[in-house]
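Protein chains in written order, with this note's numbering: chain A, 6 to 117; chain B, 4 to 113. We put the CB at the ideal spot given by N, CA and C, even for glycine.
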Amino acid sequence: NAGVTQTPKFRVLKTGQSMTLLCAQDMNHEYMYWYRQDPGMGLRLIHYSVGEGTTAKGEVPDGYNVSRLKKQNFLLGLESAAPSQTSVYFCASSRPVTYEQYFGPGTRLTVT
Amino acid sequence: GNSVTQMEGPVTLSEEAFLTINCTYTATGYPSLFWYVQYPGEGLQLLLKATKADDKGSNKGFEATYRKETTSFHLEKGSVQVSDSAVYFCALSAGNQFYFGTGTSLTVIP
Numbered sequence: 006n007a008g009v010t011q012t013p014k015f016r017v018l019k020t021g022q023s024m025t026l027l028c029a030q031d032m033n034h035e036y037m038y039w040y041r042q043d044p045g046m047g048l049r050l051i052h053y054s055v056g057e058g059t060t061a062k063g064e065v066p067d068g069y070n071v072s073r074l075k076k077q078n079f080l081l082g083l084e085s086a087a088p089s090q091t092s093v094y095f096c097a098s099s100r101p102v103t104y105e106q107y108f109g110p111g112t113r114l115t116v117t
Numbered sequence: 004g005n006s007v008t009q010m011e012g013p014v015t016l017s018e019e020a021f022l023t024i025n026c027t028y029t030a031t032g033y034p035s036l037f038w039y040v041q042y043p044g045e046g047l048q049l050l051l052k053a054t055k056a057d058d059k060g061s062n063k064g065f066e067a068t069y070r071k072e073t074t075s076f077h078l079e080k081g082s083v084q085v086s087d088s089a090v091y092f093c094a095l096s097a098g099n100q101f102y103f104g105t106g107t108s109l110t111v112i113p
């Protein structure tokens, strides 16, 4: 039981490049989330999904897109990376009702 | 709206000292409240939770009580250890979303 895994662990992009971060969970959770963590700002929700095929915007969605084609996977895309997107990205999953979230180990992204 | 405010850090304590990290919240409805811990280079892990007023969450010697009258969920531990050094996040869940505080860094020195 791996829990929540994220790929890749580290990435460096140049401004304007695109990339996709992959999150996978093996706990059969309905809900999945993408956060970014920046110094002094805690975690901020980018997008989330309450089920396969559904997504919704969180607090800071601009510049990101997501897809949830399979229940166990949640993809975060950056179409044209900007230095302001340099951050650590965390994926999480949870069941409805309890809402206890399980987090992945994070992806450290640097945009130069 | 929903939000969480927690004590600014960093906090430095000697081993066996008493720990309090303050957390207050603003929420519509009846949120569940959580404390998460993040060790260096890792994701967040659930430390404890409380789902209704007056509930006490506890784990690994840490405790927090859901106080609706003061909208607070302060984290306490009677005797900290070096291994407790980490960043602690207070959070609430409302609807489908979580709202996190900015985190409090704790360093425990021998």
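Of A/K76, A/T115, A/F95, A/V93, the smallest CA-CA separation from A/M32 is found for A/K76. A/V65 has a beta carbon lying at 7 angstroms or more from every beta carbon in chain B. At a cut-off of 7 angstroms, the C-beta of A/V55 has a neighbouring C-beta in chain B. When Cβ pairs closer than 8 angstroms are counted between the two stretches, the region 41-59 of chain A is seen to touch the region 93-109 of chain A, the count reaching three or more. For the C-beta of B/E45, the chain A residues within less than 8 angstroms are, from N- to C-terminus, P110, G111. Across the structure, B/N99 and A/S99 are spaced so that their CA atoms are roughly 10 angstroms apart. Apart from sequence neighbours up to five positions away, the residues of its chain that approach A/L83 with a beta-carbon distance below 7 angstroms are S23, M24, G68, Y69, Q90, ordered along the chain. Here the alpha carbon of A/G47 sits roughly 14 angstroms from the alpha carbon of B/Q48. Boundaries of the beta strand (DSSP E) around B/A67: 65-68.
A/F79 has its alpha-carbon roughly 26 angstroms from the corresponding atom of B/Y91. Under the three-state reduction of DSSP, B/Q84 is assigned to coil, being neither helix nor strand. Per DSSP, the unbroken beta strand (DSSP E) holding B/F101 starts and ends at 100-103. At a Cβ-Cβ threshold of 7 angstroms, A/P88 and A/V71 do not count as neighbours.
Taking one beta carbon from each stretch, the region 68-75 of chain B and the region 8-19 of chain B have fewer than 3 pairs nearer than 8 angstroms; the two do not touch. Taking C-alpha positions only, B/C93 is separated from A/R16 by approximately 29 angstroms.
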